[in-house]
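My numbering numbers the first residue of the sequence shown as 15 and each following residue consecutively. For each residue, glycine too, the CB sits at the ideal point set by N, CA and C. Predicted model, so just to flag it, every value in this text is computed and none were measured. Taking it in order: structure first as structure tokens, then the write-up.
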Amino acid sequence: MTGNGEAVQTRRARQYALCTFALAYDKATDGAEGVFDQALTNGLAAIVAHTWPGKEKDRKTGRILQARLLLDVIKENTGGTGRIPHDPDAPIADDAEAGGPFGFLRTYTDVDLVTLHDALTVTQAIRHARDVEGDDAGMPLTEDHLKALTALDWHPALRSINDVHVDRDWERDGHSNDVEIDRARRYHDALDEEEIERRRDLDYEAMVLVTKDDIGTTVDDCPVCGAIAFVAREHDGLRGAVGIGHCWVCSYERTAYVAERELISDLLRRAAE
Ligand SMILES: [Zn+2]
15 MTGNGEAVQT RRARQYALCT FALAYDKATD GAEGVFDQAL TNGLAAIVAH
65 TWPGKEKDRK TGRILQARLL LDVIKENTGG TGRIPHDPDA PIADDAEAGG
115 PFGFLRTYTD VDLVTLHDAL TVTQAIRHAR DVEGDDAGMP LTEDHLKALT
165 ALDWHPALRS INDVHVDRDW ERDGHSNDVE IDRARRYHDA LDEEEIERRR
215 DLDYEAMVLV TKDDIGTTVD DCPVCGAIAF VAREHDGLRG AVGIGHCWVC
265 SYERTAYVAE RELISDLLRR AAE
């Protein structure tokens, strides 16, 4: 496969994963039928191009086939079973050798032709109804439809849903830290001036480093209120550079996830400069 072909395959896998994730994990319902079609078309195109290069396209126009036609290609080339070998040149091993139906050593992916065909029929009916009536018909897809879509990810041309999970967790950690910063600011603003002064003037290093014989603890500037009061009893697991703990003035808490995230963002920023 050419370099460009690989880029196309990577883009298909990413599109498949983003759309499938939105439906199966984020439980998206707005425009679900369009998202499903996009997920399925990209997923099937990647699998067909990997297994039978060229058959993902219309012979005359060179355009990528619609999902329904891609299912037909798979049906024709697998004798109607939908069982696709991961290596087109190697034989399919049985389940037991592959470590069971969900083993990573498995040598094939089963495409549930009937269920996916049914899903396309359902979503197209909804799309048609919406065009006619102009209202939102809700989520037309069943758990079985989504399961059949998600199962395509076993194929080595895809295997991309997990990457989306990691990206989304990353976004969520960032979001929850923003919420925590806001909470700590409100708490800080609720304290009266005298109390803030009293807390800022305390010598936290002396308190935690001298009295508790604890060599790992550090006291740093708080990113929220600026006091030298961020007491970290632990640090990120990668470099030990970012503290995990609490500010003893404003109560801001930095979790282990946020600490690692900040370290990695910092490394990326430095690498870019
Ligand atoms: Zn603080």
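Three-state class that DSSP yields for residue i in the structure shown
| i | result |
| --- | --- |
| H100 | coil |
| R120 | coil |
| R253 | coil |
| D183 | helix |
| H169 | coil |
| V238 | coil |
| I61 | helix |
| V125 | coil |
| E195 | At residue 195 the sequence reads Ile, which differs from the Glu that was named. Of the three classes helix, strand and coil, the one that applies to I195 here is helix, per DSSP. |
| E248 | strand |
| K71 | strand |
| G148 | Note that G148 scores a pLDDT of 46, beneath 50, so its modelled location is shaky and nothing firm can be said. |
| A230 | The residue asked about is misnamed: residue 230 is Gly in this sequence, not Ala. DSSP places G230 in coil when its eight states are reduced to three. |
| G19 | helix |
| R77 | coil |
| A31 | helix |
| I106 | coil |
| A36 | helix |
| G45 | coil |
| G259 | strand |
| E157 | helix |
Residues near residue i by beta carbon distance below 7 Å, same chain, minus five either side
| i | result |
| --- | --- |
| A246 | T231, T232, D234, G257, I258, G259 |
| L32 | V178 |
| V125 | I88, G96, I98, L166 |
| R253 | L277 |
Of the listed residues the options, nearest to residue i (C-alpha basis)
| i | options | result |
| --- | --- | --- |
| S174 | T34, A204, L252 | T34 |
| Y323 | D187, V87, A171, G19 | Outside the displayed span of the chain (15 to 287) sits residue 323, for which this structure offers no information. |
| V87 | P67, E185, R182 | P67 |
| V238 | E211, R268, D206 | R268 |
| H249 | L85, W184, E274 | E274 |
| I128 | K161, A104, I106 | According to the sequence shown, residue 128 is Val rather than Ile. Considering only alpha carbons, the answer is K161. |
| R212 | E90, A243, L277, T43 | A243 |
| I210 | C264, D158, E20 | C264 |
| G251 | C261, W262, I278 | I278 |
| E157 | G19, R284, L37, A21 | L37 |
| H159 | D132, R73, W262 | D132 |
| E90 | K69, K41, L163 | K69 |
Integer Cβ distance of residue i from residue j, believed to fall under 8 Å
| i | j | result |
| --- | --- | --- |
| T137 | L155 | 7 Å |
| Y39 | L172 | That belief does not hold up - the Cβ atoms of Y39 and L172 are roughly 15 Å apart, past 8 Å. |
| L166 | I61 | 7 Å |
| T75 | H100 | Actually they do not touch by this definition, with Cβ atoms about 29 Å apart. |
| R214 | A241 | 5 Å |
| Y266 | C236 | 6 Å |
| C261 | A198 | 7 Å |
Cutoff 8 Å; reference residue i; Cβ partners in own chain excluding five residues on either side
| i | result |
| --- | --- |
| K71 | R77, I78, L79 |
| A81 | D51, L54, T55, L58, L130, L134 |
| P102 | H64, T65, W66 |
| W184 | R275 |
| I195 | P237, V238, Y266 |
Nonlocal neighbours in the same chain, by C-beta distance under 6 Å from residue i, ignoring five residues either side
| i | result |
| --- | --- |
| H169 | I61, T123 |
| L281 | none |
| T219 | Strictly speaking, residue 219 in this sequence is Glu, with Thr absent from that position. These residues qualify, in order along the chain: V233. |
| R9 | Because the chain here runs from 15 to 287, residue 9 falls outside it and cannot be looked at. |
| I106 | P99, T121, Y122 |
Chain D within 7 Å of residue i, Cβ atoms only
| i | result |
| --- | --- |
| N176 | The chain inventory of the structure shown lacks chain D, comprising one protein chain alone. |
Check: residue i C-beta below 6 Å from any heavy atom of ligand 2
| i | result |
| --- | --- |
| A42 | Ligands present in the displayed structure are limited to ligand 1, and ligand 2 is not among them. |
Shell residues, 5 Å Cβ cut-off relative to heavy atoms of ligand 1
By the rule of a C-beta closer than 5 Å to any heavy atom of ligand 1, the residues picked out are C236, V238, C239, C261, V263, C264, Y266.
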